[in-house]
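Residue numbers (UniProt numbering): 1 to 456.
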Amino acid sequence: MFKRLSTKLLNITIASLCRTKQLEKAETAIIDGIRLGILPDVVTYNTLMTGYCRVVGFDAGYSILQRMKEAGVNPDVVTYNSLMAGANRQSSLFQCFDMLEEMLNMEIVPDLWSYNTLMHSFFRSRKPDEAYRVFQKIILQNISPCQATYNTLINGLCKNGYISNAVSLFRNLRSYGYLPEIITYNILINRLFKSGEFTSAMKLFDELRDSGYVPNAITYTTVMKYCFRRKYINKGLEFFFEMKSRGYTYDAFAYCTVVGALLKSGRIQDANKCMTNMVKNGYELDVVSYNTFINMYCKEGKLEDAYQLLDKAEKRGLDCDKYTHTILIDGLCKAGNIDGAKRHLNYMKMLGFDCLVALNCFINGLCEVGQIDYALKIFQSMDVKDSFTYSSLIQNLCRVKRFHQASKLLLSCIRAGMRILRSDQRAVVNGLNLLGLKNDAAKLAVEIQTAKLLHY
DNA sequence: CTAGGGTTAG
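Structure (structure tokens):
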């Protein structure tokens, strides 16, 4: 009896340590427990495994499976659900599937959560048909879906372009005996915004309030973000004040959203005040918060402070991401430090990050200092480009009246199926006209129309 | 074990 109670206590300790990412301490606690004769059980290992999946990754989590077998503890359905979730977190459908198969081979019966996770994994990998088949399997096996099943389904349908199906599922939830939760609203509101349906999303937001729910931090952060995107800065800020008045400032998500918008709209002092408030709240900075801070310093022109912060983040053991480096490269370009930007870009490449946005910033920076031909050379060396890449070059080619080159780029952009700013298109056509090249201008206009027909 | 929110370039 005493021992069972102790294992329970051990498990609570491990859970708390894993939640706060203190894996080493969790390991120590297990060893200390064994010394005292408290043996870890399946729950101990499952908890530890979840921790490793979250903090390190799937492989690290999977290695726990070996350890538990060696310790003579048999894995159960939760073990495999946890591994499936770990695989899903790093978007590995095949590993998720492997885990399901391994579970079946071990004659462990999958439960609702196994299917929820598998469905989620299919949706994430853009396989909506397979995902839906998992849902049907749940129903056919007479397992009662839970709220999360429907939430996952609604989110996945939206993500894969079936918004109207998701909306009607949402509307029918009551008839299946489920009340939409706040999380269900949040999912649909976010997805409606993401697909450009601003008005419907805002309507659903009102409906959420009318249904007697109080929006939570996630609802507010979502709504704010898309208000800001539409340049409704003050409207977004009103929501921020409203959420603050409700006490929802326990994490950095809202602050980063607000500061990002303030920086974009040039309200740098306000951004600074906001960040100061965030720090005052005592929240420990994570990578995104650092990025936002670094971005602020760059916009203030304080590159040295920005680099000092990068240093601090790295010393704290945080893994900087592609945003961190892109922000710095853009900062260097905007400060006119092309050599520095080039150096940082090489460093970023060496680290293996996706450099598309950083390269776009660099191209922009090169054009800004008149090195268009160098920018074109970079452009040609890129194997992935987007409309931003084209846009910078087209605008700058127009600026120096190289309209023929601009029109070539414009056409290849549209032919590659990318949307491009109307103002860019006009600039090229008008430019040719201005030079008296009426025929070329007319021809380009026709070619643009034809290319668009094929793609939009 | 689980579903929803944040940061980059025109």
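In this text, a Cβ means the ideal position worked out from N, Cα and C, and glycines have one as well.
Source: prediction; values computed, not measured.
Backbone secondary structure at residue i - three-state DSSP
{"i": "C361", "result": "helix"}
{"i": "E284", "result": "coil"}
{"i": "residue 503", "result": "Nothing can be reported for residue 503, as the shown portion of the chain is limited to 1 through 456."}
{"i": "Y162", "result": "coil"}
{"i": "R230", "result": "coil"}
{"i": "R402", "result": "coil"}
{"i": "G156", "result": "helix"}
{"i": "C320", "result": "coil"}
{"i": "N216", "result": "coil"}
{"i": "F122", "result": "helix"}
{"i": "Q449", "result": "helix"}
{"i": "C355", "result": "coil"}
{"i": "Y150", "result": "helix"}
{"i": "P145", "result": "coil"}
Cβ-based burial, residue i [other Cβ within 10 Å; buried from 16]
{"i": "L104", "result": "exposed"}
{"i": "A416", "result": "exposed"}
{"i": "residue 460", "result": "What the structure shows of the chain is the stretch from 1 to 456, and residue 460 is not part of that stretch, so it cannot be assessed."}
{"i": "K443", "result": "exposed"}
{"i": "S412", "result": "exposed"}
{"i": "F241", "result": "exposed"}
{"i": "Y390", "result": "buried"}
{"i": "H344", "result": "buried"}
{"i": "V214", "result": "exposed"}
{"i": "D424", "result": "buried"}
{"i": "K385", "result": "buried"}
{"i": "Y150", "result": "buried"}
Best match in the options for proximity to residue i [C-alpha to C-alpha]
{"i": "M406", "options": "L397, S412 and I414", "result": "A small correction: the amino acid at residue 406 is Ala; Met does not occupy that position in the sequence shown. Measuring from the Cα of A406, the nearest candidate turns out to be L397."}
{"i": "I394", "options": "L345, P40, I183 and D373", "result": "D373"}
{"i": "Y132", "options": "C355, H120, E107 and Q141", "result": "H120"}
{"i": "A375", "options": "M106, G365 and D383", "result": "G365"}
{"i": "V446", "options": "M418, I414, L434 and L421", "result": "I414"}
{"i": "I378", "options": "L359, F388 and N74", "result": "L359"}
Close Cβ partners of residue i (< 6 Å) along its chain, the five nearest in sequence each way excluded
{"i": "A217", "result": "Y248"}
{"i": "S125", "result": "L93"}
{"i": "Y290", "result": "A313"}
{"i": "N430", "result": "none"}
Cβ shell of residue i (< 7 Å), same chain only, five flanking positions each side left out
{"i": "A306", "result": "I294, Y297, C298, L328 and G331"}
{"i": "K322", "result": "F353 and D354"}
{"i": "M243", "result": "A217, Y220 and A254"}
{"i": "S200", "result": "L192"}
Own chain residues within Cβ distance below 8 Å of residue i, not counting five before or after
{"i": "V369", "result": "G336 and I338"}
{"i": "A427", "result": "I394, Q395, C398 and A406"}
{"i": "E300", "result": "I268 and N272"}
{"i": "T50", "result": "C18, G61, S82, A85 and G86"}
{"i": "I30", "result": "L10, I14, P40, T44 and L48"}
{"i": "T152", "result": "N116, M119, H120 and F123"}
Decide yes or no for the touch test of the segment 257-274 against the segment 218-227: beta carbon pairs closer than 8 Å, at least 3 of them.
yes
Counting pairs of Cβ atoms below 8 Å between the segment 310-318 and the segment 346-355, do you hit three or more?
no
Does the contact criterion of 3 or more C-beta pairs under 8 Å hold for the segment 168-176 versus the segment 206-217?
no
Pairs of beta-carbons, one from the segment 9-16 and one from the segment 24-39, closer than 8 Å: are there three or more?
yes
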